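All letters in the sequence shown, in the order written, are residues 610 to 954 by the working numbering.
So the structure is just underneath, and the comments pick up after that.
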Amino acid sequence: MSKNSSKNSGSDLWLVSRHSMPADFPDAYYFVSFSLVHILPVSFDSTLRTHLSHSGTDLIKDGWFHERGVLWPGQAMSLQVKEVLDHHKSDFQDVLVFESTNFGNVLVLDGVIQVTERDEFAYQEMIAHLPLFAHPNPKKVLVIGGGDGGVLREIAKHESVTEITLCEIDKDVIDVSKKYLPELAKGYDDPRVTVKIMDGAKFMEENKDSFDVIITDSSDPVGPASVLFETPFYNAMYDSLCDGGIVCTQGECIWLHLDLIHPLIKSISDKFSTVEYAYTTIPSYPSGQIGFIIASKGGKSGPCKVPARQPSSELAKQLKYYSSEVHGAAFVLPAFARRAIFGDS
Ligand code: JFQ
610 MSKNSSKNSG
620 SDLWLVSRHS
630 MPADFPDAYY
640 FVSFSLVHIL
650 PVSFDSTLRT
660 HLSHSGTDLI
670 KDGWFHERGV
680 LWPGQAMSLQ
690 VKEVLDHHKS
700 DFQDVLVFES
710 TNFGNVLVLD
720 GVIQVTERDE
730 FAYQEMIAHL
740 PLFAHPNPKK
750 VLVIGGGDGG
760 VLREIAKHES
770 VTEITLCEID
780 KDVIDVSKKY
790 LPELAKGYDD
800 PRVTVKIMDG
810 AKFMEENKDS
820 FDVIITDSSD
830 PVGPASVLFE
840 TPFYNAMYDS
850 LCDGGIVCTQ
860 GECIWLHLDL
870 IHPLIKSISD
880 KFSTVEYAYT
890 TIPSYPSGQI
900 GFIIASKGGK
910 SGPCKVPARQ
920 PSSELAKQLK
930 YYSSEVHGAA
940 FVLPAFARRA
950 IFGDS
């Protein structure tokens with residue numbers, strides 16, 4: 610029996626754990642899961658919530674890791690495992706790192722793939738360069754989450770940037786990334802980087818009108834990360850941005866999460882001057898696609914889909930996914946997604 614079963618918990622609260630649901634979990638329940646955080650008793654704090662997480666090695670069967678989750682019912686991403694490199698519980702979550710046969714080293718948190726060495730650039734380049742190239746002159750950048758360091762590595766490619774602050778709540782993610790994902794964690798070597806091990810919302814409360822770009826590189830909206838997909842968190846990012854600033858957040862998947870993306874974009878559209886959705890393709894994330902919500906505050910003259918700057922020819926050669934053409938194309942949505950997210954005809 611899995612560690613997440615209601616038998617072990619002795620409580621219905623286990624329902625919030627993404628892996629506690631059967632594979633044939635009804636859709637009605639599945640959508641409820643997005644908002645379960647709102648109906649939990651007050652005593653159900655984020656510390657307790659994290660202890661409901663899945664043990665990563667339980668997901669390895671016959672040498673294959675299977676990523677199953679309530680946010681992608683009826684499907685699984687499987688990677689063949691060569692060797693488990695680390696598995697432990699941090700203060701916040703279940704941490705697993707394994708070497709795969711074809712995707713390099715893989716970081717898994719609470720049973721969910723965070724990065725693989727093979728395709729991580731498709732995500733890190735886009736979540737960083739979409740807002741940074743949309744901004745005419747980004748100087749101060751805040752990253753919330755992103756403990757693997759990959760987003761830092763990309764931000765450091767912008768010469769205009771003078772300060773990069775990373776706010777990661779779980780130090781263990783940084784430590785395992787430095788050990789097993791050195792090509793990502795080299796982002797920490799840049800002298801402009803300052804690391805804060807703390808809650809991002811609290812940090813922003815103490816730093817208003819401070820950043821040109823805020824990037825929220827979060828896990829999925831289950832457990833502690835749920836709050837990162839709610840309006841109050843976007844309000845906090847808004848307050849922490851300078852005039853003309855841009856936020857870019859992990860915006861989940863058009864094949865799976867339109868019911869999350871649409872209301873969120875609607876709810877923040879009154880406050881931000883522009884709100885857009887762009888996406889990247891990436892084989893190791895559910896359904897091979899993940900999006901970004903990109904929103905700007907005041908000052909900016911136009912939508913973020915039009916880059917304000919271009920990579921130098923030297924930088925362009927280093928980049929593996931992002932280009933100015935890809936920047937514009939990333940905002941062009943398939944018709945079903947455009948209609949569902951923005952209500953356009
Ligand atoms: C990589 N720096 C962070 N963030 C990855 N389902 C998320 C991991 C889980 C995925 C969605 C992106």
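Backbone N, C-alpha and C fix where the C-beta goes; we use that ideal spot for every residue, glycine too.
Keep in mind that this is a model prediction, so the values were computed, not measured.
Q. The ligand JFQ heavy atoms versus the CB of residue 908: any closer than 7 Å?
A. In this structure, residue 908 has its CB at a distance of at least 7 Å from all heavy atoms of the ligand JFQ.
Q. If you pair each beta-carbon of the stretch 772-790 with each one of the stretch 734-750, do three or more pairs fall below 8 Å?
A. With a cut-off of 8 Å, the stretch 734-750 and the stretch 772-790 count as touching, because enough Cβ pairs lie within range.
Q. Heavy atom of the ligand JFQ less than 7 Å from the Cβ of residue 899, yes or no?
A. The answer is yes for residue 899.
Q) Does any heavy atom of the ligand JFQ sit closer than 7 Å to the C-beta of residue 702? A) Relative to the ligand JFQ, residue 702 has its C-beta separated by 7 Å or more from all heavy atoms.
Q. Using the rule of at least 16 other Cβ atoms within 10 Å of the residue's Cβ for burial, across every protein chain shown, is residue 920 buried or exposed?
A. Looking at its Cβ environment, which holds 16 or more other Cβ atoms inside 10 Å, residue 920 is buried.
Q.
Need the endpoints of the beta strand (DSSP E) that residue 686 sits in, please.
A. Unbroken beta strand (DSSP E) run through residue 686: 686-698.
Q: With a 10 Å radius around its C-beta and 16 neighbouring C-beta atoms as the bar for buried, classify residue 738 as buried or exposed.
A: Label assigned to residue 738: buried.
Q | As assigned by DSSP and simplified to three states, the class of residue 844 | A | Reduced to three states, the DSSP call for residue 844 is helix.
Q | Opening and closing residue of the alpha helix (DSSP H) in which residue 738 lies | A | Boundaries of the alpha helix (DSSP H) harbouring residue 738: 729-743, taken from the DSSP string.
Q. Hey, quick one: how far does the beta strand (DSSP E) through residue 709 stretch, first residue to last?
A. In the DSSP annotation of this structure, the continuous segment of the beta strand (DSSP E) that includes residue 709 starts and ends at 703-709.
Q: Measure the C-alpha to C-alpha separation of residue 704 and residue 754 and round it to an integer number of angstroms.
A: So the alpha carbons of these two residues sit roughly 15 Å apart.
Q) Which residues in the same chain as residue 656 place their Cβ atom closer than 6 Å to its Cβ, once the five residues preceding and following it in sequence are excluded? A) Note that residue 656 scores 31 on pLDDT, short of 50, meaning its location in the model is unreliable and no value can be drawn from it.
Q | Cut-off 6 Å between Cβ atoms - residues of its own chain near residue 843, not counting five sequence neighbours on either side | A | 877.
(Q) Looking at the secondary structure, which residues open and close the alpha helix (DSSP H) in which residue 937 lies? (A) Segment 933-938, the alpha helix (DSSP H) holding residue 937.
Q. Roughly how many angstroms separate the alpha carbons of residue 763 and residue 949, rounded to a whole number?
A. If I take the Cα positions, the gap works out to 31 Å.
Q: Quick one: grab the DSSP three-state call for residue 905.
A: The answer is strand: DSSP assigns residue 905 an E or B state.
Q. Tell me which same chain residues have a C-beta within less than 6 Å of the C-beta of residue 758, skipping the five on either side of it?
A. Within the same chain, and ignoring the five residues on either side of residue 758 in sequence, the residues whose Cβ sits closer than 6 Å to its Cβ are 786, 793, 794, 796 and 797.
Q.
What I want to know is whether the C-beta of residue 829 ends up closer than 7 Å to one or more non-hydrogen atoms of the ligand JFQ.
A. At least one heavy atom of the ligand JFQ is nearer than 7 Å to the Cβ of residue 829, so yes.
Q. Using DSSP with H/G/I as helix, E/B as strand and the rest coil, what is residue 871?
A. Three-state result, residue 871: helix.
Q. Anyone know if the C-beta pair for residue 806 and residue 780 falls short of 8 Å?
A. A contact, by the Cβ cut-off of 8 Å.
Q: Kindly indicate the opening and closing residues of the alpha helix (DSSP H) around residue 976.
A: No answer is possible for residue 976: it lies beyond the span of the chain, which begins at 610 and ends at 954.
Q | N-terminal and C-terminal residue of the beta strand (DSSP E) that residue 852 is part of | A | First-last of the beta strand (DSSP E) with residue 852: 850-859.
Q) Cβ of residue 832 within 8 Å of Cβ of residue 700? A) No, the Cβ-Cβ distance between residue 832 and residue 700 is not below 8 Å.
Q) Applying the criterion that 16 or more other CB atoms from any shown protein chain within 10 Å of the CB defines a buried residue, is residue 841 buried or exposed? A) Flag for residue 841 reads exposed.
Q | According to DSSP, residues forming a beta bridge with residue 776 | A | Answer is 753 and 805, bridged to residue 776.
(Q) Quick check on residue 825: does DSSP put it in helix, strand or coil? (A) Strand, per DSSP.
Q. Mapping DSSP to helix, strand and coil, what is residue 676?
A. Collapsing the DSSP output to three states places residue 676 in a strand.
(Q) Just to confirm my understanding: we take residue 927, look at its own chain, exclude 5 residues before and 5 after, and list those with CB closer than 8 Å. What are they? (A) Counting only Cβ-Cβ distances below 8 Å, and skipping sequence neighbours, we find 766.
Q: For my contact list, residue 894 and residue 860 are in at a C-beta cut-off of 8 Å; report their separation, rounded to the angstrom.
A: Residue 894 to residue 860, Cβ: 12 Å. No contact.
Q) Of the residues 852, 777, 902 and 847, which one's Cα is nearest the Cα of residue 866? A) The candidate whose alpha carbon is nearest that of residue 866 is 902.
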